[in-house]
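Only one structure is covered here, and it is reproduced in the block below.
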Amino acid sequence: MRKLAFALFILTFLVLVFSVPVFDQDRVSDLDDSVTLEEKEPTLLYGMVVDDHVVIEDKVKRNQFLADILKEYNVPVKLINQVSALPRDVFDVRKIVPNKKFTVICSPDSVRTPKAFVYEPNAIDYIVLWFGDGLTVDACQREVKVVEKTISGVVNSSLSQTINEMGISHELTNKFVDIFAWQVDFQRLQRGDQFKLIYEELQVEGQPIGIRQINGIYFNHFGNGYYAIPYDQGNGLDYFDEEGNSLRKALLKYPIEFTRISSRYSGRRFHPVQKIYKPHLGTDFAAPTGTPIRSVGDGIVLEAGYKSNNGNYVKIRHNATYTTQYLHMSKIAPDVKPGTRVRQSQWIGNVGSTGLATGPHVCYRFWKNGVQVDALRVELPPSEPIIEEHKQMFSVRREEVIRQLQAIPSAFADTYASM
Ligand SMILES: [Zn+2]
31 MRKLAFALFI
41 LTFLVLVFSV
51 PVFDQDRVSD
61 LDDSVTLEEK
71 EPTLLYGMVV
81 DDHVVIEDKV
91 KRNQFLADIL
101 KEYNVPVKLI
111 NQVSALPRDV
121 FDVRKIVPNK
131 KFTVICSPDS
141 VRTPKAFVYE
151 PNAIDYIVLW
161 FGDGLTVDAC
171 QREVKVVEKT
181 ISGVVNSSLS
191 QTINEMGISH
201 ELTNKFVDIF
211 AWQVDFQRLQ
221 RGDQFKLIYE
231 ELQVEGQPIG
241 IRQINGIYFN
251 HFGNGYYAIP
261 YDQGNGLDYF
271 DEEGNSLRKA
281 LLKYPIEFTR
291 ISSRYSGRRF
301 HPVQKIYKPH
311 LGTDFAAPTG
321 TPIRSVGDGI
331 VLEAGYKSNN
341 GNYVKIRHNA
351 TYTTQYLHMS
361 KIAPDVKPGT
371 RVRQSQWIGN
381 VGSTGLATGP
391 HVCYRFWKNG
401 VQVDALRVEL
411 PPSEPIIEEH
421 KQMFSVRREE
431 VIRQLQAIPS
441 AFADTYASM
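Here it is as structure tokens:
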């Protein structure tokens, strides 16, 4: 019965109804007032004037080697060999990845002589191979801008819907969930819960490429207001409530970024593989194979290896009280071995379905004083609050953050006024 009830509230939540970019005004419109010039500005691409050139953009295909691509665009064999012989730290041609973008710039003549080849392994880095009499290589980086943004939203529907429809980064939702993981049960958000969020987006050429950090949250859940105020006491950014209590616990609540819980801890459940009733002394988080698993806290690796039921697994002792274990990994991180020390959030392996598992998930097991308990129900001691010598500075920061959050127009009023 509990399982059925539980299934009913899997993935209830968040729709950001309203989004207010603060500093992200459309820069292009600023240029609209300028006089139209007769002469066209030269088009620059990767530092090269490409007017009257042929620019071809494509993506690396599966099993495609760089040499194949270069051959296709008539790069002379002599230059291809030089590219293949480049030192690995300049350009490792073996690390060309499918689906990454490349650009070929050719002369407009009938031969289409290749002038340059550009490979972009990520949004920031790009490598330019210039083909002249010889080969020249430039490893370049685009400028990354940090833009502070604010949003406000009302819980209405599912998390996946939020991410798809609002165009808001999954990364932001994960950070948000991580900060409040101990205050709010994200499986049980209710319609009408509302939030305001200040965050820093990383941008390259005006396009978002990631989230740097969250700079403040106000969250109203079941009519209770929660604040998250960032502050660094000298050992990294942490989040605190208005009183200066840490929102973080000694252990993270989830061993992977927030996902679907496919099976909860239970004294009796029908085992999907063995087809018998037996206790499930863990929490299963379903996630795609390869999803990184993190240690929920600092600790020492007790076991890291393979067993027929567990598959690849890691067991970590955090202190005299708490021990955790992570099962069915597709892969264990290479530096995670019995006796090694791990930090909270450190990558320890990837989600898989090794051992006794029907599909990819991590089975997360939790011991308190040597007894297996439900990780989602256990009460953990909080991390250190704001210490005496930081109290003054923290209260200044708190006032700033709260003022800034209050200035964000409420999505709630907006949504319900229009109904
Ligand atoms: Zn399990």
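To convert, count from 1 in the sequence shown and add 30; that's our numbering.
Idealized CB from N, CA, C, for every residue including glycine.
This structure is a prediction, so every number in the text was calculated from the model and none was measured.
Checklist entry - Is the Cβ-Cβ distance between S440 and K179 less than 9 Å? => result Here the question's residue 440 lines up with position 410 in the sequence shown. Here the question's residue 179 lines up with position 149 in the sequence shown. Result no, Cβ atoms of S440 and K179 do not sit closer than 9 Å.
Checklist entry - Do S375 and ligand 1 come close, with the Cβ less than 8 Å from some heavy atom? => result Stepping through the sequence shown from its first residue, residue 375 is reached at position 345. No, the beta carbon of S375 sits no closer than 8 Å to any heavy atom of ligand 1.
Checklist entry - On the premise that R278 lies in contact with Y284, defined as a C-beta separation below 8 Å, what is that separation, rounded to the nearest angstrom? => result Residue numbering aside, residue 284 sits at position 254 when the sequence shown is read from its first letter. Residue numbering aside, residue 278 sits at position 248 when the sequence shown is read from its first letter. At roughly 13 Å, the Cβ-Cβ gap does not stay under 8 Å, so Y284 and R278 are not in contact.
Item to check | Residue range of the alpha helix (DSSP H) that includes T203 | outcome: Residue mapping note: residue 203 aligns to position 173 of the sequence shown, counting from 1. Per DSSP, T203 belongs to the alpha helix (DSSP H) from 200-210.
Checklist entry - Listed in chain order, which residues are found with a beta carbon closer than 5 Å to a heavy atom of ligand 1? => result G312, D314, C393
Next on the checklist: Is the beta carbon of D223 closer than 9 Å to that of N3?
Outcome noted: Residue 3 is absent from the structure shown; the chain starts at 31 and stops at 449.
Checklist entry - Taking the C-alpha atoms as reference points, what is the distance between P390 and K337? => result Residue 390 sits at position 360 when you count from the first residue of the sequence shown. Residue 337 sits at position 307 when you count from the first residue of the sequence shown. Roughly 17 Å separates the two Cα atoms.
Next on the checklist: Pairs of beta-carbons, one from the segment 386-405 and one from the segment 316-336, closer than 8 Å: are there three or more?
Outcome noted: yes
Next on the checklist: One question on the structure: do P151 and V105 come within less than 9 Å of each other, judged by their Cβ atoms?
Outcome noted: As a first step, residue 151 is located in the sequence shown; it is residue number 121 there, counting from the start. As a first step, residue 105 is located in the sequence shown; it is residue number 75 there, counting from the start. Result no, Cβ atoms of P151 and V105 do not sit closer than 9 Å.
Checklist entry - Taking C-alpha atoms, which residue in I432, Y76, F300 lies nearest to E235? => result Reading the sequence shown from its first residue, position 205 is the one you call residue 235. For the residues I432, Y76, F300, the minimum Cα distance to E235 belongs to Y76.
Checklist entry - For R299, which residues of its own chain have a beta-carbon under 6 Å away from its beta-carbon, when the five flanking residues on both sides are left out? => result As a working mapping, residue 299 is identified with position 269 in the sequence shown. These residues qualify, in order along the chain: H310.
Item to check | Residue nearest to G385 in terms of C-alpha spacing, selected from L406, M359, K175, G400 | outcome: Here the question's residue 385 lines up with position 355 in the sequence shown. G385 has its Cα closest to that of M359, out of L406, M359, K175, G400.
Item to check | S375 versus V174: straight-line alpha-carbon distance, rounded | outcome: Your numbering for residue 375 matches position 345 in the sequence shown. Your numbering for residue 174 matches position 144 in the sequence shown. Whole-angstrom Cα-Cα distance: 25 Å.
Next on the checklist: Just to confirm before moving on: does the CB-CB distance between M78 and A169 stay below 9 Å?
Outcome noted: Counting from 1 along the sequence shown, the entry for residue 78 is found at position 48. Counting from 1 along the sequence shown, the entry for residue 169 is found at position 139. Cβ distance not < 9 Å, so M78 and A169 don't count as in contact.
Item to check | Nearest-angstrom Cα separation, counted from R221 out to L282 | outcome: Position 252 of the sequence shown, counting from 1, holds the residue named residue 282. Position 191 of the sequence shown, counting from 1, holds the residue named residue 221. Using only the alpha carbons, I get a separation of about 26 Å.
Item to check | Counterpart residues of R395 in DSSP-defined beta bridges | outcome: Along the sequence shown, one-based indexing puts residue 395 at 365. DSSP lists Q355 as partners of R395.
Checklist entry - Where does T354 land, buried or exposed, given buried means 16+ other C-beta within 10 angstroms? => result Residue mapping note: residue 354 aligns to position 324 of the sequence shown, counting from 1. Classification for T354: buried.
Checklist entry - Alpha carbon to alpha carbon, how far is W377 from I346? => result Here residue 377 is taken as the residue at index 347 of the sequence shown, counted from 1. Here residue 346 is taken as the residue at index 316 of the sequence shown, counted from 1. If I take the Cα positions, the gap works out to 13 Å.
Item to check | Between the CA atoms of V331 and V372 - distance to the nearest angstrom | outcome: Indexing the sequence shown from 1 puts residue 372 at position 342. Indexing the sequence shown from 1 puts residue 331 at position 301. Those two C-alpha atoms are separated by around 7 Å.
Checklist entry - Rounded to a whole number of angstroms, what is the C-alpha to C-alpha distance between E71 and H200? => result As a first step, residue 71 is located in the sequence shown; it is residue number 41 there, counting from the start. As a first step, residue 200 is located in the sequence shown; it is residue number 170 there, counting from the start. Computed Cα separation, rounded: 38 Å.
Checklist entry - Ends of the alpha helix (DSSP H) at I416? => result Along the sequence shown, read from residue 1 onward, the residue named residue 416 stands at position 386. First-last for I416: undefined, no H or E at that position.
Checklist entry - Using the beta-carbon count (16 or more within 10 Å), is F252 buried or exposed? => result As a position in the sequence shown, residue 252 is number 222, starting the count at 1. Exposed.
Next on the checklist: Taking a contact to mean a Cβ-Cβ separation below 9 Å, would you say L410 touches A280 in this structure?
Outcome noted: Along the sequence shown, one-based indexing puts residue 410 at 380. Along the sequence shown, one-based indexing puts residue 280 at 250. Contact flag set, yes.
Checklist entry - In whole angstroms, what separates the C-alpha of Q82 from that of P138? => result The residue labelled residue 82 in the question sits at position 52 within the sequence shown. The residue labelled residue 138 in the question sits at position 108 within the sequence shown. Note that residue 82 corresponds to Asp in the displayed sequence, not to Gln. About 6 Å.
Next on the checklist: Considering only their Cβ atoms, is the gap separating I362 from V381 smaller than 9 Å?
Outcome noted: Mapped onto the sequence shown, residue 381 falls at position 351. Mapped onto the sequence shown, residue 362 falls at position 332. No, they are not a contact pair.
Item to check | Rounded separation between N129 and I135 - CA only | outcome: Stepping through the sequence shown from its first residue, residue 129 is reached at position 99. Stepping through the sequence shown from its first residue, residue 135 is reached at position 105. N129 and I135: Cα-Cα distance of roughly 19 Å.
Checklist entry - Is DSSP giving L159 helix, strand or coil here? => result As a position in the sequence shown, residue 159 is number 129, starting the count at 1. Of the three classes helix, strand and coil, the one that applies to L159 here is strand, per DSSP.
Next on the checklist: Please classify T289 as buried or exposed, where buried requires at least 16 other C-beta atoms within 10 Å of its C-beta.
Outcome noted: Your numbering for residue 289 matches position 259 in the sequence shown. Buried is the call here.
Checklist entry - Do you know how far the Cα of G320 is from the Cα of S425? => result Numbered from its first residue, the sequence shown carries residue 425 at position 395. Numbered from its first residue, the sequence shown carries residue 320 at position 290. S425 and G320: Cα-Cα distance of roughly 42 Å.
Checklist entry - By the 10 Å Cβ neighbour count, where 16 or more other Cβ atoms means buried, how is A387 classified, buried or exposed? => result As a working note, residue 387 is residue 357 in the sequence shown. Classification of A387: buried, given that the 10 Å Cβ count is 16 or more.
Item to check | Residue burial classification, G297 (beta-carbon count within 10 angstroms, cutoff 16) | outcome: Here residue 297 corresponds to residue number 267 of the sequence shown, with the count starting at 1. Classification of G297: exposed, given that the 10 Å Cβ count is below 16.
Checklist entry - Roughly how many angstroms separate the alpha carbons of R428 and L219, rounded to a whole number? => result In the sequence shown, the residue the question calls residue 428 occupies position 398. In the sequence shown, the residue the question calls residue 219 occupies position 189. Computed Cα separation, rounded: 26 Å.
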